[in-house]
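Participant: The following block contains the structure, expressed as structure tokens.
Numbering (our numbering), first residue to last: -11 to 585.
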């Protein structure tokens, strides 16, 4: 039983173990599989399958050729040409496999050929009958062929991924196929928007060539320069600070002027002095030309052009002419920053070094003088005879008449001494020159800055102290004031840094404020026009008297014009005196000042 179950009989359409592999998978020339057909009765199965497959392939090839020929004819006859046929024709779906042959196994090859011819004729008639009434859907067939190709070449009968399909293989929408499609409604005002857009393009790119061509547009003027409008780049423009504030101020001022004019006009009408003028009355009248222009008046004696023929009235070549051979040089003005420049001082030299340098310079000058005498440029000086070298220089003359030679030598010595004194007096500055030199030094010192120093003195009862404070201030060129009060005395000094340094040494070091020496002056003396009473130094106790520097600093400008002396009785008088120069704070500082013990 087991052997019978395992060895079952195969059906007639299935190949046996002896059937060749070519009969199992038969394909047409286009690559499509050929279904297996039953073998004819009495013939071997393998030979029948081969004959049927070959017949089907030949039939398909002939049908494809006939279809291509018919498509070419339809393309030539019809107006819209159909798309070209696919490169791989597909046999029509109506084709059915031929009926199985009933011939015996002993039929010859002529019977197979007749069968193939009959099948081809039937397919050709059927294809022509279906092509006449209706155009073949070539696009759909091509799409089907392409899909068959994709399936055939996919491998293992697996289709291609939809993302890899060509756009032509995607199904068409209803709008693309034309079925049930409707025209979309045009947007509202579409024509107006298109016209506006066209005008904008004409502005940017210029008019079209049809409008510029004189032949097509008779109204076009070729002389006009037709250029497209160039749109520049818009930059950011920031308003300056206060721009609109200034505009508002101008508008307010104009409104005030208009209101003022209306008010003046109303007042003039009320007073009866208002008069209306015409535009002709308000017009400016031209002035008559002058007799001589201002640039020619310096060359005309009579200041007119009437006497140009008379050479005496034309001052060009005369001494009174404004044109001379002199050149006017402007006075050089030092820049203001020179006062802040730091002077580079030379290195400090000792007395011995200075003496050696001076000796070397004198030797150099003496050598130059000797060289000029040897070259004959300068005369030789007379011999410098003294009593010490009398016998060495004038040997023979001194021996012959020593008294006469001695007298002559003494006279020459006196002449040389007087010449030396005369030269020194000529080089000495006059009092005016010394004063001018001092003023220049003071001005130069003040250009570097103005400094102020305020001194608080216990008492100025001693007349010598008052004299020294006032006289030295005048000699140093110090500006300020000396205020004498029963409580204490105040001295304000203003000058340059160098001058103020010397004055501070006088006030703080040189004067002995505790000295109580009776003045040798008269009982009444005068300082700056102020008469003082008799000297009170013998009556006052100055053992605790002192001078203190309570403030020192730099000022922008001078607060006093000169140095003065004033005596006051109360603090109100002092404040009234210092209010004129706005220096009352110095008195307040002195009142609250306490010396450090």
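A virtual CB, placed ideally from N, CA and C, is assigned to each residue, including glycine.
Give a yes or no on contact between the region 477 to 489 and the region 445 to 463, applying the rule of three or more CB pairs nearer than 8 Å.
Facilitator: yes
Participant: Out of 475, 495, 418 and 487, which has the shortest C-alpha to C-alpha gap to residue 454?
Facilitator: Working through the chain shown from its first residue, we reach residue 454 at position 466. It is 495.
Participant: So what does DSSP say about residue 572, is it helix, strand or coil?
Facilitator: Against the chain shown, residue 572 aligns to sequence position 584. Of the three classes helix, strand and coil, the one that applies to residue 572 here is helix, per DSSP.
Participant: Do residue 555 and residue 457 have their C-beta atoms closer together than 8 Å?
Facilitator: Against the chain shown, residue 555 aligns to sequence position 567. Against the chain shown, residue 457 aligns to sequence position 469. Going by C-beta atoms, residue 555 is not nearer than 8 Å to residue 457.
Participant: Could you spell out where the beta strand (DSSP E) holding residue 552 opens and where it closes?
Facilitator: If you number the chain shown from 1, residue 552 lands on position 564. Unbroken beta strand (DSSP E) run through residue 552: 551 to 555.
Participant: Fully enclosed by the region 444 to 479, which beta strand (DSSP E) runs are 3 residues long or longer?
Facilitator: 467 to 472
Participant: Could you give the uninterrupted runs of the alpha helix (DSSP H) lying entirely in the region 337 to 369, keeping only those of 4 residues or more?
Facilitator: 339 to 363
Participant: Who does residue 325 pair with in a DSSP beta bridge?
Facilitator: Residue mapping note: residue 325 aligns to position 337 of the chain shown, counting from 1. By DSSP's assignment, residue 325 forms no beta bridge with any residue.
Participant: In whole angstroms, what is the alpha-carbon distance linking residue 248 and residue 233?
Facilitator: For the purposes of this step, residue 248 is taken as residue 260 along the chain shown, with counting starting at 1. For the purposes of this step, residue 233 is taken as residue 245 along the chain shown, with counting starting at 1. Rounded to the nearest angstrom, the gap between the Cα atoms of residue 248 and residue 233 is 22 Å.
Participant: Which of the three DSSP states, helix, strand or coil, is assigned to residue 241?
Facilitator: Along the chain shown, one-based indexing puts residue 241 at 253. Three-state DSSP puts residue 241 in a helix.
Participant: Within its chain, find whatever has a CB closer than 8 Å to the CB of residue 340; leave out the 5 residues flanking it on each side and keep chain order.
Facilitator: For the purposes of this step, residue 340 is identified with residue 352 of the chain shown, where counting begins at 1. Once the five neighbours on either side are set aside, residue 340 has no close Cβ partner at all.
Participant: Output yes or no for whether 8 Å exceeds the beta carbon distance between residue 397 and residue 375.
Facilitator: What you label residue 397 is simply residue 409 of the chain shown in a count that begins at 1. What you label residue 375 is simply residue 387 of the chain shown in a count that begins at 1. Against a cut-off of 8 Å, the Cβ pair of residue 375 and residue 397 comes out as a contact.
Participant: Using the Cβ count rule (16 or more neighbours within 10 Å means buried), how would you classify residue 478?
Facilitator: Indexing the chain shown from 1 puts residue 478 at position 490. Under this definition residue 478 is a buried residue.
Participant: Note the first and the last residue of the continuous alpha helix (DSSP H) segment covering residue 543.
Facilitator: Along the chain shown, read from residue 1 onward, the residue named residue 543 stands at position 555. Taken as a continuous stretch (DSSP letters only), residue 543 belongs to no alpha helix (DSSP H), being part of the beta strand (DSSP E) at 535 to 543.
Participant: Locate the alpha helix (DSSP H) running through residue 331, then write down its first and last residues.
Facilitator: Along the chain shown, read from residue 1 onward, the residue named residue 331 stands at position 343. Taken as a continuous stretch (DSSP letters only), residue 331 belongs to no alpha helix (DSSP H), as it is neither H nor E.
Participant: Would you check if the distance between the CB atom of residue 438 and the CB atom of residue 307 is smaller than 8 Å?
Facilitator: Along the chain shown, read from residue 1 onward, the residue named residue 438 stands at position 450. Along the chain shown, read from residue 1 onward, the residue named residue 307 stands at position 319. Cβ distance not < 8 Å, so residue 438 and residue 307 don't count as in contact.
Participant: For residue 577, which three-state DSSP category applies?
Facilitator: The residue labelled residue 577 in the question sits at position 589 within the chain shown. Three-state DSSP puts residue 577 in a helix.
Participant: Between which residues of its own chain and residue 206 is the CB-CB distance below 7 Å, once the five residues before and five after are set aside?
Facilitator: To locate residue 206, count along the chain shown from 1; it is residue 218. Closer than 7 Å at Cβ, skipping near neighbours: no residue.
Participant: Would you mind giving the Cβ-Cβ distance between residue 551 and residue 467, rounded to the nearest angstrom? I have them listed as a contact below 8 Å.
Facilitator: The count along the chain shown starts at 1 and reaches residue 551 at position 563. The count along the chain shown starts at 1 and reaches residue 467 at position 479. Their Cβ separation, rounded to whole angstroms, is 6 Å, which keeps residue 551 and residue 467 in contact under 8 Å.
Participant: Counting pairs of Cβ atoms below 8 Å between the region 555 to 565 and the region 410 to 429, do you hit three or more?
Facilitator: Touching, no, given that fewer than three Cβ pairs across the two stretches are closer than 8 Å.
Participant: Grouping DSSP H, G and I as helix and E and B as strand, with all else coil, what is residue 387?
Facilitator: As a first step, residue 387 is located in the chain shown; it is residue number 399 there, counting from the start. Annotated three-state conformation of residue 387 is helix, per DSSP.
Participant: Classify residue 482 as helix, strand or coil using the three-state DSSP reduction.
Facilitator: Within the chain shown, numbered from 1, the residue matching residue 482 stands at position 494. DSSP places residue 482 in strand when its eight states are reduced to three.
Participant: Spatial neighbours of residue 222 within its chain, please: CB distance less than 8 Å, with the 5 preceding and 5 following residues excluded, ordered by chain position.
Facilitator: Locating residue 222 in the chain shown gives position 234, where the first residue counts as 1. Within the same chain, residue 222 has no close Cβ partners at all.
Participant: How is residue 296 classed by DSSP in three states: helix, strand or coil?
Facilitator: If you number the chain shown from 1, residue 296 lands on position 308. Correct three-state label for residue 296: coil.
Participant: Tell me the DSSP secondary structure of residue 315 in three-state form.
Facilitator: The count along the chain shown starts at 1 and reaches residue 315 at position 327. Here residue 315 sits in coil by DSSP.
Participant: If you run the structure through DSSP and keep just helix, strand and coil, what is residue 289?
Facilitator: Taking the first residue of the chain shown as position 1, residue 289 is located at position 301. Here residue 289 sits in coil by DSSP.
Participant: Please state the DSSP three-state secondary structure of residue -9.
Facilitator: Indexing the chain shown from 1 puts residue -9 at position 3. Reliability of the predicted coordinates at residue -9 is poor, the pLDDT of 44 falling under 50, and the value obtained from them is presented with this limitation in mind. If DSSP states are grouped into helix, strand and coil, residue -9 belongs with the helices.
Participant: Is DSSP giving residue 373 helix, strand or coil here?
Facilitator: As a working mapping, residue 373 is identified with position 385 in the chain shown. Note: residue 373 maps to coil in three-state DSSP.
Participant: From 366, 280, 553 and 322, pick the residue whose C-alpha is nearest to that of residue 432; which is it?
Facilitator: Counting from 1 along the chain shown, the entry for residue 432 is found at position 444. It is 322 whose Cα lies nearest to the Cα of residue 432.
Participant: Just to confirm my understanding: we take residue 501, look at its own chain, exclude 5 residues before and 5 after, and list those with CB closer than 6 Å. What are they?
Facilitator: For this step, residue 501 is matched to residue 513 along the chain shown. In the same chain as residue 501, and ignoring 5 residues on each side of it, the C-beta atoms closer than 6 Å to its own belong to 533, 534 and 535, in chain order.
Participant: State the Cα-Cα distance for the pair residue 490 and residue 326, rounded to the nearest angstrom.
Facilitator: To locate residue 490, count along the chain shown from 1; it is residue 502. To locate residue 326, count along the chain shown from 1; it is residue 338. Straight-line spacing of the CA atoms in residue 490 and residue 326 works out to 24 Å.
Participant: With a threshold of 6 Å on Cβ separation, who are the neighbours of residue 310 within its own chain once the five nearest residues in sequence on each side are excluded?
Facilitator: Residue numbering aside, residue 310 sits at position 322 when the chain shown is read from its first letter. The residues are 286.
Participant: If I follow the unbroken alpha helix (DSSP H) through residue 433, where does it start and stop?
Facilitator: Within the chain shown, residue 433 is the residue found at index 445, counting from 1. According to the DSSP assignment, residue 433 belongs to the alpha helix (DSSP H) that extends over 419 to 435.
Participant: Pull the bridge partners of residue 47 from the DSSP assignment, please.
Facilitator: Reading the chain shown from its first residue, position 59 is the one you call residue 47. Per DSSP, none; premise fails for residue 47.
Participant: Between which two residues does the alpha helix (DSSP H) carrying residue 559 extend?
Facilitator: Numbered from 1 along the chain shown, position 571 holds the residue referred to as residue 559. Counting along the chain, the alpha helix (DSSP H) containing residue 559 begins and ends at 559 to 567.
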